[in-house]
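The next block holds one structure in the form of structure tokens; read it before the comments.
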Amino acid sequence: MNQDIPKKPVSFGIFISKLHKKWAIGALLFVFVGTGLDRLSVIILRNLTDSISARPIEINLVWMWAILYPVQYLTTAVIWRGSGFTGMQWFMGFRYSAYQSLYEYLSLHNKDYFDSRFAGSLANKISNAVDGTESLFEKTLWNFIPIGIGLFWYVIFAWLSDFRLGFIIAIWSIIFLSLNVFFAKKLQKYSYVFAKSLSTLKGSIVDSISNISLVHEYSYISGEREYIEKFVSKSRETGLRHWWISEWVLVTNGILITIFILFMVGASIYLFQHKLISIGVVIMVVAIVADLSHQFLFIGQEMRNAAGYYGEAKEGLEEILKEHVIVDSPGAIKLKILKGSISLESIDFEYENTKVFKDFSLEIPAGQKVGFIGRSGAGKTTFVSLLLRHFDVQKGEIKIDGQNIYNVTLDSLRHAIAFVPQDTSLFHRSIKENIRYSSPEATDLEIKQATKNAQADRFINELPKGYDTLVGERGIKLSGGQRQRIAIARAFLKNAPILVLDEATSSLDSESESIIQHSLEDLMKDRTVIAIAHRLSTVKKMDRIIIIDDGKIVEDGSPEDLLKKSDGLFKKMWNHQVKGFIFDE
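If you're matching positions, the sequence shown starts at 26 in the numbering used here and goes up one per residue.
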């Protein structure tokens with residue numbers, strides 16, 4: 026994914042709009058032409074008034090300007106609709122491309138990025154970034170650009186009638202716009218803070234709802250309400266500050282517009298009294314004043330909205346477009362699996378200033394089944410994360426079949442590894458879609474064979490909708506054992522040469538665990554297997570047991586050899602097993 030996506034809302038909007046530039050250019054041209062034609066109405070009104078007041082009256086001239094007025098209106102309306110249709114294509118295409126670009130970029134962040142953020146908050150940030158940027162550009166196209174173009178033509182029209190009228194509009198506009206730009210900068214800062222507080226609030230609510238069963242089980246609704254209330258209060262405070270400034274913008278604009286009306290109407294009447302302008306010019310000035318007053322009266326509100334969109338977009342883009350930590354190295358090639366051997370050569374790795382591995386080395390021959398045992402925090406799961414390149418080592422190399430995983434593409438690396446986690450995550454989609462996720466091109470027949478191998482076909486067929494059953498958010502509609510069997514079926518279907526089991530049977534009851542042990546044995550055949558293990562039923566199937574403590578290998582050997590060591594750590598764990606589980610305290 027392009028690492029150079031702009032992080033500023035305006036730059037990001039231009040970047041995405043270039044993908045739809047023919048519609049963007051078309052919409053802009055329609056707005057420029059339509060605004061110019063629309064402002065010509067004051068010239069027609071001036072000439073019509075002068076024609077009617079002329080003595081002797083020229084009725085043909087009156088009729089000409091009278092007919093031209095609705096023609097001008099109709100032409101302007103048609104052109105504006107042209108801007109609407111082209112703008113529709115631009116902004117709908119904009120949303121499509123922006124969502125795709127941001128989701129793709131977001132999805133390529135490393136595991137640590139997602140572990141430290143609310144999922145709901147990240148979804149909200151994508152929406153804020155897309156909606157905020159699109160709305161900002163819509164406001165610019167249909168509000169701010171017409172105001173700017175209209176102001177330019179009004180200054181020209183007034184100046185040509187009498188330079189003093191044009192001078193008043195020009196000077197007043199400079200003062201008015203300068204003050205509003207000053208306020209807009211203030212609003213941007215508060216809009217950003219407000220958007221950030223809203224994003225945190227929404228993320229907290231999603232987190233609370235996701236764990237609502239826990240809230241009910243511990244009867245902690247009041248405590249959770251107090252927890253959420255802190256974020257609601259913060260959002261309210263930042264929102265009030267933001268709104269306070271926007272209201273003062275409206276007050277200031279109201280005063281400036283009143284002064285503008287007094288000066289323009291007074292000046293035009295004075296010039297008419299001294300026969301320096303015609304009655305038509307006076308009417309034109311009144312029309313200009315009425316139009317500008319209407320537009321500028323609410324420009325403070327529009328700028329408040331625009332500042333809000335800018336703040337939302339900025340907050341979302343800054344969070345989403347943080348630099349990727351784990352990326353394909355320059356010149357990365359596809360991993361070529363020959364046999365599936367794994368080697369770690371003198372690696373160093375630390376996480377959050379805590380050293381996990383120091384000069385750690387390990388060789389796993391192709392096809393060997395290795396069980397990792399160790400206390401929590403010893404480095405077992407970190408080893409798997411490093412193999413999958415969720416993190417990069419600070420020193421040393423990790424190789425698969427002699428190829429440094431840093432020099433191969435992430436896609437090819439992860440395609441070569443089937444991973445069955447302890448806590449199985451499923452999409453809120455059908456069972457079939459969840460299993461097919463590991464091999465998108467798989468046929469229905471292949472999916473059914475995978476579920477049969479995982480001993481999952483029986484319970485699936487008993488469901489009312491079978492393979493088309495929706496599993497609920499994170500698979501909540503299925504039991505832990507059923508979710509685990511779906512994950513195992515997914516691994517069967519992937520058919521990768523390297524298999525990683527993070528205690529794949531931990532969520533199963535004894536009966537279910539017994540049923541799928543034979544399936545796991547079939548799954549592990551002719552593959553390099555890495556199993557983080559606690560169950561004896563898993564450990565005793567391994568060719569080799571490695572006990573890790575404090576980032577070091579303290580015992581290494583076959584289960585049989587390790588059990589022969591009377592004072593060995595594995596022997597002690599084995600003797601202290603409880604209901605089939607190994608304890609390492």
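Just so you know, even glycine gets a beta-carbon here, dropped at the ideal spot from N, CA and C.
What separation, rounded to the nearest whole angstrom, lies between the Cα atoms of K590 and V418?
-> The residue you call residue 590 lines up with position 565 of the sequence shown. The residue you call residue 418 lines up with position 393 of the sequence shown. If I take the Cα positions, the gap works out to 33 Å.
Could you give the C-beta distance for I411 and F374, rounded to a whole number, given that I count them as a contact under 8 Å?
-> Residue 411 sits at position 386 when you count from the first residue of the sequence shown. Residue 374 sits at position 349 when you count from the first residue of the sequence shown. In the sequence as displayed, the identity of residue 411 is Leu instead of Ile. Their Cβ separation, rounded to whole angstroms, is 6 Å, which keeps L411 and F374 in contact under 8 Å.
Cα-Cα, which of E159, N153 and P95 is closest to S222?
-> As a working note, residue 222 is residue 197 in the sequence shown. The option with the nearest alpha carbon to S222 is N153.
Could you tell me the boundaries of the alpha helix (DSSP H) in which A512 lies?
-> Within the sequence shown, residue 512 is the residue found at index 487, counting from 1. Unbroken alpha helix (DSSP H) run through A512: G505 to K519.
Cβ-based burial, D29 [other Cβ within 10 Å; buried from 16] | One-based indexing of the sequence shown puts residue 29 at position 4. The residue is exposed, with fewer than 16 neighbouring Cβ atoms inside 10 Å.
Based on the DSSP output, what are the partners of G582 in its beta bridges?
-> If you number the sequence shown from 1, residue 582 lands on position 557. Note: G582 sits in a beta bridge opposite I570.
When the distance is taken between beta carbons, is L413 closer than 9 Å to I571?
-> The sequence position of residue 571 within the sequence shown is 546, counting from 1. The sequence position of residue 413 within the sequence shown is 388, counting from 1. Contact flag unset, no.
For Q428: DSSP bridge partner residues | Translated into positions along the sequence shown, residue 428 becomes position 403. Beta-bridge analysis with DSSP links Q428 to I425.
Own chain, CB closer than 6 Å to Y124, minus 5 neighbours either side, in chain order | Numbered from 1 along the sequence shown, position 99 holds the residue referred to as residue 124. Excluding sequence neighbours, Y124 sits near V155.
Three-pair Cβ contact test at 8 Å for the segment 58–70 versus the segment 91–108 = yes
Is there contact between the segment 414–433 and the segment 489–505, where contact requires at least three CB pairs shorter than 8 Å?
-> no
Just the C-alpha distance for G356 and N429, rounded to the nearest angstrom, thanks.
-> As a working note, residue 356 is residue 331 in the sequence shown. As a working note, residue 429 is residue 404 in the sequence shown. Rounded to the nearest angstrom, the two C-alpha atoms are 13 Å apart.
Rounded C-alpha distance that separates I280 from W48 = In the sequence shown, counting from the first residue as 1, residue 280 sits at position 255. In the sequence shown, counting from the first residue as 1, residue 48 sits at position 23. Distance between the alpha carbons of I280 and W48 is about 39 Å.
Report the option in Q447, G145 and F110 whose CA atom is closest to the CA atom of D557.
-> Within the sequence shown, residue 557 is the residue found at index 532, counting from 1. A small fix is needed here, since residue 557 is Ile in this sequence, not Asp. For the residues Q447, G145 and F110, the minimum Cα distance to I557 belongs to Q447.
Give the DSSP-derived three-state secondary structure of F385 in the structure shown.
-> Residue numbering aside, residue 385 sits at position 360 when the sequence shown is read from its first letter. Note: F385 maps to strand in three-state DSSP.
Since F444 sits in a beta bridge, which residues does DSSP pair it with?
-> Here residue 444 corresponds to residue number 419 of the sequence shown, with the count starting at 1. Looking at the DSSP assignment, F444 forms a beta bridge with V525.
Check whether I511 and L548 have beta carbons under 9 Å apart = By one-based count along the sequence shown, residue 511 stands at place 486. By one-based count along the sequence shown, residue 548 stands at place 523. Going by C-beta atoms, I511 is not nearer than 9 Å to L548.
Between the CA atoms of A209 and R329 - distance to the nearest angstrom | Position 304 of the sequence shown, counted from the start, is the residue given in the question as residue 329. Position 184 of the sequence shown, counted from the start, is the residue given in the question as residue 209. Distance between the alpha carbons of R329 and A209: 7 Å.
Test item: CB-CB of I573 and L526 under 9 Å | Counting from 1 along the sequence shown, the entry for residue 573 is found at position 548. Counting from 1 along the sequence shown, the entry for residue 526 is found at position 501. Cβ distance not < 9 Å, so I573 and L526 don't count as in contact.
Assuming S108 and F55 make a contact with CB atoms under 8 Å, what is their CB distance in whole Å?
-> In the sequence shown, the residue the question calls residue 108 occupies position 83. In the sequence shown, the residue the question calls residue 55 occupies position 30. That pair is a contact at about 4 Å.
Test: L346 CB closer than 9 Å to a CB of chain D | Absence of chain D from the displayed structure is noted, only one protein chain being present.
Run the CB neighbour count on G291, radius 10 Å, all protein chains shown included, and call it buried at 16 or more, exposed below.
-> Counting from one through the sequence shown, the residue named residue 291 turns up at place 266. So G291 counts as exposed.
If you check the beta carbons only, do T158 and P34 fall under 9 Å apart?
-> Within the sequence shown, residue 158 is the residue found at index 133, counting from 1. Within the sequence shown, residue 34 is the residue found at index 9, counting from 1. Yes, these two residues count as a Cβ contact at 9 Å.
Whose C-beta lies closer than 6 Å to the C-beta of E340 among residues of the same chain, with five residues either side of it excluded?
-> On the sequence shown, residue 340 is found 315 positions in, with the first residue counted as 1. Here the set comprises Y217, A220 and K221.
Do V307 and S293 have their C-beta atoms closer together than 9 Å?
-> Mapped onto the sequence shown, residue 307 falls at position 282. Mapped onto the sequence shown, residue 293 falls at position 268. A contact, by the Cβ cut-off of 9 Å.
Leaving out the 5 sequence neighbours to the left and right, which residues in its chain are closer than 8 Å to K457 when beta-carbon positions are compared?
-> The count along the sequence shown starts at 1 and reaches residue 457 at position 432. Answer for K457: D469, I472, Y492 and D493, listed in chain order.
T553 - containing beta strand (DSSP E), residue span = The residue labelled residue 553 in the question sits at position 528 within the sequence shown. Annotation: the continuous beta strand (DSSP E) that includes T553 extends over T553 to I557.
According to DSSP, which residues form a beta bridge with D547?
-> Here the question's residue 547 lines up with position 522 in the sequence shown. Partner(s): none; D547 has no beta bridge.
Proximal residues to L346 (C-beta, below 7 Å), its chain only, five neighbours per side dropped = Start at 1 with the first residue of the sequence shown, and residue 346 comes out as number 321. These residues qualify, in order along the chain: I30, K32 and Y130.
In this structure, what does DSSP give as the bridge partners for V87?
-> By one-based count along the sequence shown, residue 87 stands at place 62. Answer is none; V87 lacks a bridge partner.
Please report the residue range of the beta strand (DSSP E) in which G396 lies.
-> Walking along the sequence shown from the start, residue 396 turns up at place 371. First-last of the beta strand (DSSP E) with G396: K394 to I398.
Among F207, I253 and D137, which residue has its Cα nearest to the Cα of V274?
-> Within the sequence shown, numbered from 1, the residue matching residue 274 stands at position 249. The option with the nearest alpha carbon to V274 is F207.
Opening and closing residue of the alpha helix (DSSP H) in which F192 lies | For the purposes of this step, residue 192 is identified with residue 167 of the sequence shown, where counting begins at 1. Counting along the chain, the alpha helix (DSSP H) containing F192 begins and ends at F188 to S235.
With 16 other CB atoms within 10 Å as the buried threshold, where does Q298 fall?
-> For the purposes of this step, residue 298 is taken as the residue at position 273 of the sequence shown. Exposed, because fewer than 16 other Cβ atoms sit within 10 Å of the Cβ of Q298.
C-beta atoms of F201 and A331 nearer than 9 Å = Here residue 201 refers to the residue found at position 176 when the sequence shown is read from its first residue. Here residue 331 refers to the residue found at position 306 when the sequence shown is read from its first residue. Not closer than 9 Å, so no.
Which residue comes first and which comes last in the alpha helix (DSSP H) that contains F256?
-> Taking the first residue of the sequence shown as position 1, residue 256 is located at position 231. Looking at the DSSP string, the run of the alpha helix (DSSP H) that includes F256 is I246 to Q298.
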